[in-house]
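J.:
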Amino acid sequence: MKEFFNKLIKSLKIKTMDKAKRAGDMPVAVELEEGKTYVWCACGLSKGQPFCDGSHQSTDITPNVFEAERTGTHYMCMCKATKNKPFCDGSHAG
Ligand code: FES
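With positions in the sequence shown counted from 1, the corresponding number in our numbering is that position plus 617.
(1) Identify the residues that DSSP records as bridge partners of E684: which are they?
(2) Pick helix, strand or coil for A710, following the three-state DSSP scheme.
(3) How close, in whole Å, do the beta carbons of A659 and N681 come, if the pair is a contact with beta carbons under 8 Å?
(4) Which residue from P667, L662 and G661 puts its Cα closest to that of L649?
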């Protein structure tokens, strides 16, 4: 079914987004609460960075739902290239 839709989209020349947009050049520090669930924006389109606001619905990208393992400051990825979603791994530097 997915293949059918991909072919249809391609034949209609509809532009889709399968690569995240860089939302920032540096990580952002946020306070998270242990045991609480958060939804990190993986597409880079959210107006409420670093969290998802539903803007990914026009893309093939899905947000990252995670539960904070500890209360405190966390550095969330804004370049959307991290290999340690949703946290910064230094990928923004190059
Ligand atoms: S708005 Fe970017 S993943 Fe939801």
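Backbone N, C-alpha and C define an ideal beta-carbon position, used for all residues, glycine too.
T.: Quick answer:
(1) Partner(s): T654.
(2) Helix, per DSSP.
(3) Contact holds; Cβ gap of about 5 Å.
(4) The closest CA to that of L649, considering only P667, L662 and G661, is found on P667.
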